[in-house]
Structure formats: C-alpha cells, structure tokens
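Position one of the sequence shown corresponds to residue 536 (our numbering), numbered consecutively onward. Each residue gets a CB set at the ideal place from its N, CA and C atoms; glycine is no exception. Because the structure is a prediction, the values reported are computed rather than measured. Working notes for the structure below.
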Amino acid sequence: FRLSGTSSPSPSASLLPFPPSRPVSRPSALTMPSLTLLSLPSLPSTPSDPNHQSGKPGRPGTPNTFQDVISWAKAEDNGSNITHYILQARCKEISANLQVGEMNEWITLYQGPCNSTICTWRNHHFSGFYHMRVVAVNRIGTGQFSDISGEIVMKLYGEESYEMDFILSDTLYVAVFTTRAQYTKRSKQKGDITTLQVNYNPDLELALIRDMNASVIQTNICCLPTQLEHESLPLFPREKLTLLNFLGSGAFGEVFEGKAEEILGAGSGDVKVAVKTLRKGATDNEKSEFLKEAYLMSHFDHAHIIKLLGVCLQNEPQFLLLELMEGKDLLSYLRGARGSLMHHPLLHAGDLIDVCLDIAKGCSYLEKMHFVHRDLAARNCLVSTKEYNNSNRMVKIGDFGLARDIYKNDYYRKEGEGLLPVRWMAPESLIDGLFTNQSDVWSFGILMWEVMTLGQQPYPARTNLEVLHFVRTGGRLERPHSCPDDVHQLMLKCWAREPHKRPSFRHIQSCLEHLKSSPQGSLNALVYYNDSYSNSDISQGIVNQAFEGKNSLEMTALCPSTVQITRLSSA
C-alpha cells in the first residue's frame, strides 16, 4: 500500500505512525467494482484557517487514485455553496532541457461541480506520471489548493493493470479509526463558529416565474450519484432552455413548462418540455434524491416510461427536463372523466382497459430491468393528451421521486421514516419495509381499482392508520359496483397475501391484452348507477366523499360487464 505525501513534492512516506508535523486526515471511500477501499485525504479547514473567516472554501482532500479514477474529499464551504472544483496535474519529463524529476507547469484536468462527499474524476485522455492538486471555488472566491499528491501513475481508461496499489492491512484500519475519532473531535470544536451567510444569485428567469405564480401553489402535498454517474447524465446547456409557464408545486418540487432548443438533436428545433426543479430552501437530502431520480430515469428507454430528455446541473437550482405530457397526472384525468346528471362518463370500458394495459407494459419493462418503483399509483402516471376521445392517448409511468409530495394526504409518516403510500402498499412493505417487484404488483392491483372507479380513493372512509391495520389483518378492497368477476379476480391475484403467489407483470399484461380482445360490445357495455336513489353503495364505501365535488352522489361510472395489472440484483 503506497500513500502520497502531503504538501511537499518530496518522496512519499508511510502514514503510520503519524509524524507530529503532519495534519491529521479523515477517511473517505473509493468505489470499486467489488470492494470499497479507504484512503486518507486531508481534514477540512480548522477554525484558525483564514478562509473560514473570509467565506472562501477550505482545502479539499489530497487527490488519490485507484486505477483510472482520481478522488478527493470535498472541502468545507464555509457558508457559501461550492460552485465547482479545479483539478490540476503536472508531469515529470526527462529531456535535454530538464533535470530528472523536474516539474512542468500545472495543467487543468477537470473543472466542474461535485455534489458528493467524495469527488471522483475518471481519466480518459492522459497517461504517464503526475502530481496532482485540487482547489474549491465558491461565490466568495477561490480557496487554498489541497496538498500536492505523491506520484500518481495514470493509465488510459480500459488499460489492463495487474498492480495492487492498495493493500488493506490491520495497521491501515487503525489509522482510519484513529483519524475518524480525531476528525469527530475537531468537528465538535467547530460547533461554536458562526457560519458566514452568503446571498448568491439564483436563476433569474426561474425567480421571475416563481414570483408571478406565488398564489398558484397547490395545497396538497427517495444517496447522491457519484461524479462518474453525473458524467452519464444527458447534460443540456441552461442557455438553450426558456421557462414559459408555471404548472404546479408541492412542498418538495415544482414543475414548469419550458422550451428547449434542439434537445432532440441538431435540426429538431424548439421542443416543449416539462422542467422539474426543487422548491426554494430544499435540504441537502432533497437535492440528493432529486439527482438520484435523474440518474435512475436516464437508464430507462420505453414507450410507457416517461423519458428524461436532459439535465441542467450548472445552475442553481438544478433542472430535470422531461417530455411534456399535456394530460398531466392520471388521477386528475380519471376524475375529470366522471359522469354527472348532464352527461355520461367520458371514458368507456375499452378506454379503462387501455389505460391499465399501458401501465402494465411499463411495469413489465421495469420488472425486466430489475427495478422496483415502490410508489405505483394513478397520481404518479402521466397522460399524453387532455382529450378523452383521442385514439392516440398514451399513459406513462413517471415521477420516480418528486410526485410523492404532490398528494400529501395519500401518505402516512411512521416515526423515524419518510412518507409512506400506505393505501397502495403490500403487507410485507407495511410490516417489514420490504419492497420487491411483487410489492409493486400489489400496488398495481390498487391502481387498477383506481382506474375502474375513475379515481376514487382506495379504502374510503378509513384513515391511513386504519388502512395499515386493515391490510395487515387480511382486509381487501371491495369489488367496484358491476365490475366483472374476471377483472376483480385479477385484482385479487395481485393482492395475494404471500408475494410469490402474485402474478408477474408479464402475466398481468397478457391478461389485460386478452380482456382488450374481448368482444367490443361487451367491453363498451357500461352500467350507470344513480346514487341519489340509493345509499347502499355509499355505506359500502364506494364513493369517497372527501374527494368528490357537488355531483359526488349523483352519478358513478362503473366497470363493464364482460364474459371473461431499488434496483435489484438479477438473481
């Protein structure tokens, strides 16, 4: 195991025992294919650091390497968010004009943001022997450079290397834990230091639109990607994006309509997009979940999964650019299709089967990708059109994170946990916190029930806590009025107590395709029921009055009658 020196370009030396003159270091993690190794970058700035008083960033950790990845520990921001890091290197050369070991000028390898505790940069273009340093920059100014690394051997990405640069020994573990203890002690000593508050310029265009729509806020209310994951995101220049209209907001996220220039490729022209961002004052955890959502969505490519078109990461706040779905969320779309005394429902049985089938196709894709959504519900699906008679209507699964805050009343917070969508959760998820593809199947069964009732709330007249106990003790949703047995039986299969007895999404898709191919006459046979003449269905909890308007007791569209819906290991 070879560890770099600190500020001196002299030959590297062992870190143990620590020389009295050397600064104490804190541990950081380097991610490798099958093992996490530990290095010891420098501690953040101490209270005596002049940068701590000026507001400039502290010193980052000393650059380190494993194979083709350079890493360093983030710097203290000292009150003003760090905008970017500058990683520099200089190489050794032997020539007629240079002495052996003499250094060249510093060159910049990387200049960009880092939102992780450990920053990483992958080498694609350099090979040779280098010394490296890194510096952090915020809106106050540029901080001090890190200690200069020892000699780092850089190889082009993909080159085979059989050298073991790191050997984890008992001595190293002692060093790590000793350093951690000293770092914790020093961090406590910094508790009394007053942080310099800095007001920096936000996105002006976004601020203007937010101010214009301050009165339009709705009343209803998931680890950071590494630097390598950041590089895989479809970056889009902020200057090519124009924000047009404010679409909606919850306690966590905001959505705007925007216009992106040539986001689909050269010559594609301006394309309308949905711009998702965080609300003002978002926490670090919310920011990390926001970026993780972007990273996850960037891996999906399916007609029934909402497509991530680009991300803007160089601005504050950061943006996700998604394809614009004019019909908005499925829950609102379903409720808008309800009938009244003046007109019949706008969606027929064949339409409802089509909606379920679209979602099942998307779920089959996620199942094949070994991805668990954990929050399948009508509110988290999007519709391509506002029209109800559009034969090209398409429903897509979306909102892999943010939308869970738009309908806050659909969630219940357990002590010490985040918000949980209790009404859509399987028993094993409620009891053991276990989420699998099979628990997604359970949620899909609830989603089918939502679709067939045109957006009624599951388990009406029960509180979230009552639902939790009801499901745990074997309770199930009743069949919607006049819903055929085969449709209800598919729901019940999704709600099997034992997860392994639930159907796969592939099987569900096949069942729905069979229903869709049923005789058109039977599919379109809708039964209408006027609740104003009978209260029997209300007592059974069919209508959720808390979510209905003045026509809630007048007319309900019913299911048709016919003859016959975390990344896992790939085990």
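- DSSP, read as helix, strand or coil, puts Tyr-830 in helix.
- Using a Cβ distance threshold of 8 angstroms, Leu-1027 and Leu-892 do not count as a contacting pair.
- With fewer than 16 other CB atoms across the displayed protein chains lying within 10 angstroms of its CB, Gln-646 is exposed.
- In the DSSP assignment, His-619 is bridged to Val-672.
- Excluding five sequence positions before and after Trp-656, the CB atoms of its chain that fall closer than 8 angstroms to its own CB belong to Val-604, Ile-605, Ser-606, Leu-622, Leu-644, Tyr-645, Gln-762, given in chain order.
- Taking C-alpha positions only, Phe-825 is separated from Val-890 by approximately 28 angstroms.
- Distances from the alpha-carbon of Leu-776 to those of Gly-783, Gly-804, Leu-768, Ser-767 put Gly-804 closest.
- Burial is judged here by how many other beta carbons sit within 10 angstroms of a residue's own beta carbon; Val-688 has fewer than 16 and is exposed.
- If you look at Met-689, you'll find it isn't in any alpha helix (DSSP H); it sits in the beta strand (DSSP E) that goes 687-689.
- Boundaries of the beta strand (DSSP E) harbouring Val-790: 788-796, taken from the DSSP string.
- Using a Cβ distance threshold of 8 angstroms, Asp-975 and Leu-876 do not count as a contacting pair.
- Considering only Ile-981, Cys-626, Ile-675, the residue with the shortest C-alpha distance to Pro-995 is Ile-981.
- By the C-beta density criterion, Ser-978 is buried, having at least 16 other C-beta atoms within 10 angstroms.
- For the pair Ala-610 and Arg-594, the Cα-to-Cα distance works out to about 5 angstroms.
- The beta carbons of Arg-1007 and Pro-962 sit closer together than 8 angstroms.
- Three or more pairs of CB atoms, one per stretch, sit closer than 8 angstroms, so the region 613-621 contacts the region 669-685.
- The beta carbons of Leu-969 and Val-957 sit no closer together than 8 angstroms.
- Gly-862 and Asn-925 have their C-alpha atoms some 11 angstroms from each other.
- Counting of Cβ neighbours within 10 angstroms places Gly-933 among the buried residues, the total reaching 16 or more.
- In this structure, the CA atom of Lys-896 is about 34 angstroms from the CA atom of Arg-773.
- The region 897-911 makes contact with the region 829-838, as at least three CB pairs between them are under 8 angstroms.
- By DSSP's assignment, Ile-642 forms a beta bridge with Ala-624.
- Between Thr-818 and Gly-788, the CB-CB gap reaches or exceeds 8 angstroms.
- Rounded to whole angstroms, Leu-843 and Phe-854 show a C-alpha spacing of 11 angstroms.
- Its Cα nearest to that of Glu-792, the residue Met-860 stands out among Gly-802, Ala-801, Met-860.
- For the options Gly-845, Gly-816, Lys-815, the alpha carbon positioned closest to that of Glu-828 is the one of Gly-845.
- CA-to-CA, the gap between Arg-997 and Phe-1005 works out to about 9 angstroms.
- Setting aside the 5 residues that flank it on each side, Phe-661 is surrounded in the same chain by Met-689, each with a C-beta closer than 6 angstroms to its C-beta; the list follows chain order.
- Around the CB of His-883, 16 or more other CB atoms lie within 10 Å, so the residue is classed as buried.
- Only buried fits Glu-985, as 16 or more other CB atoms lie within 10 angstroms of its CB.
- Around the CB of Gln-973, 16 or more other CB atoms lie within 10 Å, so the residue is classed as buried.
- Of the other Cβ atoms in all chains shown, 16 or more fall within 10 Å of the Cβ of Lys-931; this residue is therefore buried.
- When the beta-carbon positions are compared, Leu-799 and Val-790 stay at least 8 angstroms from each other.
- From the listed residues Ala-671, Leu-954, Thr-652, the smallest Cα separation to Gly-590 is found for Ala-671.
- Shown here for Trp-959: same chain residues with a beta carbon closer than 6 angstroms to its own, the five before and five after excluded, namely Ala-912, Ser-978, Ile-981 in chain order.
- The C-alpha of Gln-679 is placed about 8 angstroms away from the C-alpha of Pro-592.
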